[in-house]
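To keep things clear, I will list the structure first and then write my remarks on it.
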Amino acid sequence: MKIFARDRKGVEHTLEGNDGWTVMEALRDAGLPITAECGGACACATCHVYVEEGWFEKLNPASPEELDMLDMALAVEPNSRLACQIQINANTDGIKVTLAPE
Ligand code: FES
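When you line the sequence shown up against the working numbering, it's residues 17 to 118, in that order.
Pasting the structure below:
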């Protein structure tokens, strides 16, 4: 599965992620600068990304826990999500995300 990720300098990266991983795991595995302090437990918001239009709408809605975490994140936009809450599967193959500011 492919993930297209733009880093904070605007550089595009093409990542590989396995079915069942999260986008956060693919970002981390590729060495992109994402802190993901809580390891994917939806408890830190340091895996904040912006999901490109067209993909955002395809995702499952954010859980109340994710929305609570996003409330505490900086620079939240209408297309903000936590990368650890986005599953990689056939529906998200090719998703495009941008790392949010730290
Ligand atoms: S890694 Fe902590 S909320 Fe995603």
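Where a beta carbon is used, it is the ideal one built from N, C-alpha and C, also for glycine.
DSSP beta-bridge partners of residue i
i: residue 12; result: Residue 12 cannot be examined here, being either before or after the span of the chain that is shown, 17 to 118.
i: residue 20; result: 30 and 112
i: residue 97; result: 65
Residue i: CB within 7 Å of a non-hydrogen atom of ligand 1
i: residue 98; result: yes
i: residue 91; result: no
i: residue 78; result: no
i: residue 36; result: no
Assigned exposure category for residue i - 16 Cβ within 10 Å defines buried
i: residue 99; result: buried
i: residue 115; result: buried
i: residue 32; result: exposed
Member of the options whose CA lies at the smallest distance from the CA of residue i
i: residue 64; options: 101, 28 and 34; result: 101
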